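A quick write-up on the structure given underneath.
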Ligand code: PTJ
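Residue numbers (the working numbering): 1294 to 1542.
Following this line, the structure appears as structure tokens:
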């Protein structure tokens, strides 16, 4: 899958790999027209962050994992960029949490849904994980959202109590929070509406954050939630870490 020309020793290997994954996904028809713009914005923020998982991001990762592990019905939401960049990591995390993933895209077309679902199911077979992949037969709507982007599964996103929505649009994040869900966002931009509105925000690059979660599960198993966790304070720390990295460079 990751058949790229650059050597892993290349200083920009991780970034080149993510770009390659997006190119492959674009060819498969999985991406929204604005997917590259969203990715470019993420790359710029990651550059300012020093392309590393900061201490505050690590705290958010622990809290997010604790929240997903203690949820009655967690669900992992997949959009076009997420399927392109971290399909395997999302499937492996869902497997570890014994929960479903649901393909739920903002710029919804039948063609894109079909392409993303096919990719997810193909990778599920390759990985040999028994994870329900939802999105193929939506029978419910996310209240407060208009149009096809609101379509979801009643036994997936609608009934979930905790939902991981990486790279989410602000309107949908707000609608999910309004439904009373614990909403966990992964977003490199600490100033985005999604980052601000979520219950827990991980300011980190998607694949790094997911791999950290998978390592935590492997090494520590069940994670205990921090009762004093303060979403706004952690977000503020993320922004300060970014500004300090810029000052130091
Ligand atoms: O597939 P669809 O139709 O659901 O559309 C997906 C995109 C991502 C195009 C759509 O949700 C969108 O337009 O998103 P936004 O509003 O541009 O927000 C994406 C956010 O994710 C931005 O704040 C970026 O900084 C951030 N971001 C981009 N790439 C990454 C990222 N955060 C973490 N890791 C990344 N790799």
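We put the CB at the ideal spot given by N, CA and C, even for glycine. Everything numeric in this text was worked out from a predicted model, so none of it was measured.
Of the candidates 1392, 1527, 1372 and 1369, the residue whose Cα lies closest to the Cα of residue 1483 is 1527.
Residue 1316 has its alpha-carbon roughly 13 Å from the corresponding atom of residue 1298. In the DSSP assignment, residue 1494 falls outside any alpha helix (DSSP H) and lies within the beta strand (DSSP E) extending over 1493-1495. Closest in C-alpha terms to residue 1305, from the list 1343, 1412 and 1406, comes 1343. Along the segment 1446-1479, the beta strand (DSSP E) occurs as fully enclosed runs of 3 or more residues at 1455-1459 and 1475-1479, listed in sequence order.
Where residue 1409 is concerned, the enclosing alpha helix (DSSP H) starts and stops at 1403-1420.
Per the coordinates, the alpha-carbon of residue 1346 lies some 11 Å from the alpha-carbon of residue 1504.
Across the structure, residue 1436 and residue 1341 are spaced so that their CA atoms are roughly 36 Å apart.
CA-to-CA, the gap between residue 1445 and residue 1432 works out to about 6 Å. Counting only runs of 3+ residues, the beta strand (DSSP E) found wholly inside the segment 1301-1385 occupies 1367-1371, in chain order. Note on geometry: alpha-carbon atoms of residue 1427 and residue 1411 lie some 11 Å from one another. Distance from the C-beta of residue 1462 to the nearest heavy atom of ligand 1 is below 7 Å.
Inter-residue distance for residue 1368 and residue 1357 is about 13 Å (C-alpha atoms, whole angstroms).
Less than 8 Å divides the Cβ of residue 1487 from the Cβ of residue 1463.
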